[in-house]
């Protein structure tokens, strides 16, 4: 891509004068512009045209419009030519028009305006951005950069076809806007100019608005920043506060008069300067309600004039007034006979007549910025209910019932609802004019009353809610199969209000009583059913609110006996000596007659054999002779049938070892034995019950286990028996034909259960009387009771002293001793027997003991410190449990040591912990004898022991002398001085050293204090090769004393930054010799007086320090060590230098290795060995 130039466009004259270039032949438009000069214009052409100058030497001097685009102002019928261009060129356009010059690689656009700063700026430019030149007031100059023309493109001298461009009115409007100009023009620098300033506001105090906005906006380049002042003080606009800055606007959230009323100003600033807006006053308006006091009537003879005072309530700002007669909106007109003062609100009637009688109300209205508020002055009158609910309200169950009640009255009446013949459900209780029951039920039926009440009287209205319901089934019929000739009774029942009537339908037709059918309300009875009675039957229940149906099918059956569904069991096992029941239940209609036979013998009822009316055969005390075939014969008028089974007699099941009753203690183990015999052809199972409830052996964590896996052994083991495991145990041995069982009782003894009903009475200051009821003794007599107490809510239970000291097991009351006065307590009781102590009772209700005078003296009496002339006494506040009563405080007694007169002071409050006695006569550090006692409203407590407390100290008066300072390294110095003698003004605690650089002020000095009375100190953290001033002061608890004369010292130069290098080493049989190049310090570094070497090998992980004044060292080493880590650094007056670290590996006999090393930070000694081990493989490889 080729460009003709970059930078600012030169003038056309400069372009023409460029070396090696001929002057451009101006186009017709350009020549026209030049005729009038750079600032002139030609008659017949609009004055405000733009001229774009050719700017790039080396290009064609002129350019015909090609793919450039022009938008011009309507009214200028100028035609432009279009052709590709290859160089900057001039263009003309009217001011205010939008001009876009587009080339293959650049686009320039802008809105043209008059003025020296009018420019055209690039919209999208590929290449260096030129700086448009400033032009005369009537012309705008802009370079246009174009690619070289394609071969054969026409130039200025080549005839071209002229074509008109589309007039872009919308583009002209857009590009001429200030916003576009601002976005496209490089911002000129100018100071803030207000475009919007804050206005005063009147904000209603009762407004629902949550914020106030004070506007502020300024035009500036660069853009302005904003601040605000309130009442002349700059506001702190912090995030999250009620005052927020949004743009330049000040937003006040939830404004209040107390905090936000005042004068506000906006300040807009940029680098040019700051401007201040006009003042805006934020005021808060309000209008209170009229007084509720009733005014006396105004009486006047007819024909006379009268004045009715308004007496408006408190308000701000002013009000407007109107008057009403009797009711809204009957406003009194302002005519010749009536006048309403807008100053006082009073109503004046020039001449009264009969039509003026009535109730007058003054309407006061306040007009504020955010809202308008009006209040009335009306007469007071008793409530009168105007919206009344009906005397009777009918509703169906589940419907919503609404009762309305509203009353006139002044003051506004309060509405109350109640149910006269019952209690109103709390969820319906309301003070609203509407009582709503969303889903009414029969319980809501009753009489309701609405009461309206105010200070002038009350009014009531009553009405009854009558709840009714549609029919609802309580009992319905169901499909039934009945035998022919049998009797049948069907019934249905329904609820509802009013009570529903019930009728019957058969096959859709009404059914009434007849021959074998009896219809009686909800009952339908059939006698000797016949096949014709089969069909669909419906029971119908209805009342005035609805009808419901219940349907069922009756099928009357006639069947011969049939055993296919219920045959007699083919094999019937039975236990010898037991009983067997063999049912005979053929399907038959009507019911069949049943006979039983054994073989060919018909069975009849006897002592051991019974045939029940329903055909069941029962045989008792079975023996082997009862075995055989048994046949049931069934017959009715429809036919006959029979079914046969074979009875097999087996041995009976018997308990051979029954469980025995047992008496055990809590936690014991017990095994209950249970063995049984049975017929060997059948399986035997054992089950256990406790108090008739089956025992679950598979319950996780249970206490029951089966003791044996043998089939005839069913022993039960109880592990870790608990009280709940006591009771009646039953073992059941069972086969498919019979069972046997035995019982045993287990008694579990344990500690007593918790006592109940703990009651506290006879409450004193340190004693109470407790009583309780006995709990279960758990089969072991109660031996004694223990009483415990705690202080809620978080106190721990502690045993208390009682009277009697030992409470026997038959006691149910005792006195508690040794309680703390004025303390909250809860009590509980535990019972004990020979087996232990049981669970405690529940806590008693909380009580508080009575108050008493304090019984202990405060502790921690001490003091000292403070300002001159003060005696400060401190103590440990008495905790709540020792205050013994309300109105707690402290009584202090103090005197100067040696004096006989005690002074006293009373300090109220349990939390007080110090007292300050101030008197100018108190000398510094004077000993006082001090005593303290506490008090409450019941009296004073005992006095403490006497403590010795000193009055406030005074700063030391003498400065240390012979202060001497010496720099001992580049960052340290030693300071010494002679001690200051102790004086009577205080106790010397130590010394404070202040030091500062030469040239700095002493106020910037750093400080360090000694912890005791040492007379020397080392100061660290100093700058190298720097002169310091040093002073020393003595200090005590009152502060520091006077400074010593300053001493001066200069720290040492820093140690050399160059570490030892070119390190080599050699081994002998028992020594290691290491050499390095000497370190030569620079001029600004301290001298090298020697070297330090830190040595560590793999046999002795603890590093060893070696010193030498030479550049080599020889040390003894063990013959069997494998590798070592060595650090070498310089040392001298400025301290230790930067270390060099090398790793040495012994490779048999003597060896030598040279390393060029660099400075590295000193490693922690504990990490040296691990690091050297990690390096061994690398170093070994290098040696190979």
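Residue numbers (my numbering): 151 to 1334.
Beta carbons are placed, not taken as given, at the ideal position from N, Cα and C, and that holds for glycine.
Residue i, enclosing beta strand (DSSP E) - first and last residue
i            : result
residue 1033 : No beta strand (DSSP E) holds residue 1033; DSSP gives it neither H nor E.
residue 424  : 423-426
residue 689  : 685-693
residue 781  : 778-786
residue 1054 : 1053-1058
residue 1012 : 1009-1013
residue 489  : 488-490
residue 790  : 789-800
residue 593  : That residue, residue 593, is in no beta strand (DSSP E); it is neither H nor E in DSSP.
residue 1044 : 1039-1046
residue 952  : 951-953
residue 906  : 906-911
Cβ separation of residue i and residue j, assumed to be a contact under 8 Å, to the nearest whole Å
i            : j            : result
residue 633  : residue 707  : 6 Å
residue 1038 : residue 1060 : 4 Å
residue 928  : residue 905  : The pair is not a contact, with the Cβ atoms about 13 Å apart (cut-off 8 Å).
residue 636  : residue 617  : That belief does not hold up - the Cβ atoms of residue 636 and residue 617 are roughly 44 Å apart, past 8 Å.
residue 1023 : residue 1013 : 4 Å
residue 1245 : residue 1253 : 7 Å
residue 976  : residue 993  : 4 Å
Element boundaries [alpha helix (DSSP H), containing residue i]
i           : result
residue 410 : 407-410
Buried versus exposed, by CB contacts within 10 Å (16 or more), residue i
i            : result
residue 514  : buried
residue 464  : exposed
residue 1167 : buried
residue 620  : buried
residue 396  : exposed
residue 908  : buried
residue 1235 : buried
residue 765  : buried
residue 742  : buried
residue 746  : buried
residue 865  : buried
residue 970  : buried
Cβ-Cβ distance between residue i and residue j below 8 Å
i            : j            : result
residue 462  : residue 352  : no
residue 347  : residue 472  : no
residue 1003 : residue 1089 : yes
residue 1019 : residue 1068 : yes
residue 809  : residue 823  : yes
residue 530  : residue 508  : no
residue 650  : residue 691  : yes
residue 1184 : residue 1114 : no
residue 1194 : residue 1266 : no
residue 1001 : residue 1034 : yes
residue 921  : residue 962  : yes
residue 793  : residue 722  : no
residue 834  : residue 828  : yes
Three-state class that DSSP yields for residue i in the structure shown
i            : result
residue 704  : strand
residue 1166 : strand
residue 1227 : strand
residue 775  : helix
residue 419  : strand
residue 940  : strand
residue 505  : helix
residue 601  : strand
residue 875  : helix
residue 1115 : strand
residue 1154 : helix
residue 1128 : strand
residue 681  : helix
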